[in-house]
Amino acid sequence: MHIPVLKEKVLEYLNVENGKIFFDGTLGFGGHTQAILERNDKAFVYATDKDGYAIERTTERLKDYKDRFNFFNIDFKEIFKLSLPINQFDGFLFDLGVSSDQLDNPEMGFAYSKDSPLDMRMDKRQQITAETIINDYSYSELIRVFRDYGEFKRPEKLVKEVLVARKQKRLTTTFELKRVVRNLYKRRKTMDPLARVFQAVRIEVNKELENLETFLLKLIDIMKKGARIVIISFHSLEDRISKNLLRKAKTENKLVVLTKKPVIASEKESRENPRARSAKLRAGERI
Ligand SMILES: C[S@@+](CC[C@H](N)C(=O)[O-])C[C@H]1O[C@@H](n2cnc3c(N)ncnc32)[C@H](O)[C@@H]1O
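Going by the working numbering, the sequence shown opens with residue 675, and the numbers climb by one from there.
Structure representation (structure tokens):
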């Protein structure tokens with residue numbers, strides 16, 4: 675079961691006790707949404723998730739609160755298409771990336787510790803999977819993916835290895851991709867190349883970083899005075915976007931940054947929930 679990270683900090687920075695309408699862009703298992711609904715019995719939560727299964731399961735799990743939420747199975751970047759009173763919302767939460775439920779679900783293909791189909795789609799309605807990227811992307815497209823999203827300074831050798839392997843046989847499982855990467859790189863404790871390959875492909879499949887900053891800047895424009903935005907990121911690429919975004923909005927006099935440094939989990943939380951170790955929370959208030 676997914677444990678919400680930095681739960682108390684999220685409630686504090688969203689100023690949940692004093693707000694009424696909240697938006698949870700990344701509903702997942704609904705841990706944060708549930709905490710909002712429990713902390714403030716006047717609160718209403720609109721939420722989105724690309725993963726239809728997450729929406730279905732969390733709707734059922736939180737059915738006791740059904741009069742106080744409305745969930746949508748869409749990308750949060752699409753919320754402007756819904757006719758929601760966004761300019762009246764009091765707080766916005768984005769707990770980026772994937773949930774433990776998704777990581778642990780072998781059907782999703784996110785984890786290299788499990789042998790599963792190379793899928794990695796949060797949204798099963800979408801066509802492109804990890805298998806498509808690994809087998810059908812050109813040399814230069816793969817270079818871009820591994821350099822931009824896996825932070826490989828020189829991804830050429832890795833891409834060539836993938837190209838050679840896929841010529842012999844289409845790579846269709848996580849373990850097949852893992853073998854190709856391990857042919858080149860040994861396991862490392864930090865920044866393991868294998869983890870970076872999986873991260874890169876996952877980001878590409880789900881277009882996780884595409885237009886993220888533009889979307890969030892547009893959102894901040896619309897937010898009412900006093901509304902809060904909270905972003906939790908799990909790797910440096912996401913955190914860079916979140917940091918730049920708050921800085922930009924501050925320079926344009928649209929936002930006060932509430933977190934001088936990113937808020938991180940306590941030792942106790944990190945011990946109890948290893949996912950929390952890499953979490954960084956940043957928050958701002960519209961002025
Ligand atoms: C880290 S989990 C959120 C966990 C949640 N806060 C909880 O406490 O259970 C991220 C969730 O956001 C979803 N997600 C990621 N990017 C998304 C996007 N751009 N639009 C909608 N949902 C997204 C994923 O499918 C996943 O379920």
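Even for Gly, the Cβ is constructed at its ideal location relative to N, Cα and C.
Roughly how many angstroms separate the alpha carbons of residue i and residue j, rounded to a whole number?
i: K831; j: M675; result: 38 Å
i: D789; j: K863; result: 21 Å
i: N689; j: A901; result: 9 Å
i: S814; j: L929; result: 39 Å
i: M796; j: M782; result: 8 Å
i: L816; j: S774; result: 27 Å
i: E935; j: V833; result: A quick correction: the sequence has Lys, not Glu, at residue 935. C-alpha separation (whole angstroms): 36 Å.
i: E926; j: K827; result: 33 Å
i: T733; j: Y859; result: 42 Å
i: V871; j: L770; result: 18 Å
i: S910; j: L955; result: 12 Å
i: Y823; j: V684; result: 27 Å
i: S812; j: R844; result: 14 Å
i: R914; j: I903; result: 16 Å
i: Y687; j: V855; result: 40 Å
i: D741; j: R713; result: 16 Å
i: Q842; j: S916; result: 41 Å
Please identify the residue among the options whose C-alpha is closest to the C-alpha of residue i.
i: L736; options: G704, N761 and K917; result: G704
i: D715; options: G726, F743 and A728; result: F743
i: T888; options: V772, L919, P867 and E734; result: L919
i: I695; options: G726, D723 and L758; result: L758
i: V836; options: D822, I807, Y823 and E825; result: I807
i: N779; options: D913, E712 and Y727; result: Y727
i: T848; options: A785, L756, S944 and K841; result: A785
i: G765; options: K852, D698 and D723; result: D698
i: A721; options: D738, T700, K740 and R731; result: T700
i: G702; options: E730, P867, A869 and I760; result: E730
i: K922; options: I894, S910, E943 and A939; result: I894
i: L886; options: I905, K681 and L685; result: I905
i: Y739; options: F750, N761 and I710; result: I710
i: D749; options: E884, E686 and K924; result: E884
Classify residue i as helix, strand or coil using the three-state DSSP reduction.
i: N744; result: strand
i: T864; result: coil
i: L955; result: strand
i: I915; result: helix
i: V879; result: helix
i: S812; result: coil
i: I938; result: coil
i: I760; result: helix
i: I894; result: helix
i: S907; result: strand
Going by DSSP, which residues form a beta bridge with residue i?
i: G900; result: Partner(s): none; G900 has no beta bridge.
i: Y859; result: Beta-bridge pairing links Y859 to no other residue.
i: T626; result: Absent from the model: residue 626. The displayed extent of the chain is 675 to 961, so no value can be given.
i: F697; result: Y720 and F766
i: V690; result: According to DSSP, which records beta bridges pairwise, V690 is partnered with nothing at all.
i: L929; result: R960
Use the C-beta contact count for residue i: other C-beta atoms within 10 angstroms, 16 or more gives buried, fewer gives exposed.
i: Q708; result: buried
i: F754; result: exposed
i: S907; result: buried
i: N880; result: buried
i: I961; result: exposed
i: M865; result: exposed
i: S948; result: According to the sequence as given, residue 948 is Pro; it is not Ser. Classification of P948: exposed, given that the 10 Å Cβ count is below 16.
i: R799; result: exposed
i: T803; result: buried
i: D723; result: buried
i: V838; result: exposed
i: R876; result: buried
Below 7 Å, is the gap between the Cβ of residue i and the nearest heavy atom of ligand 3?
i: E882; result: Only ligand 1 can be found as ligands here, which leaves ligand 3 out of the picture.
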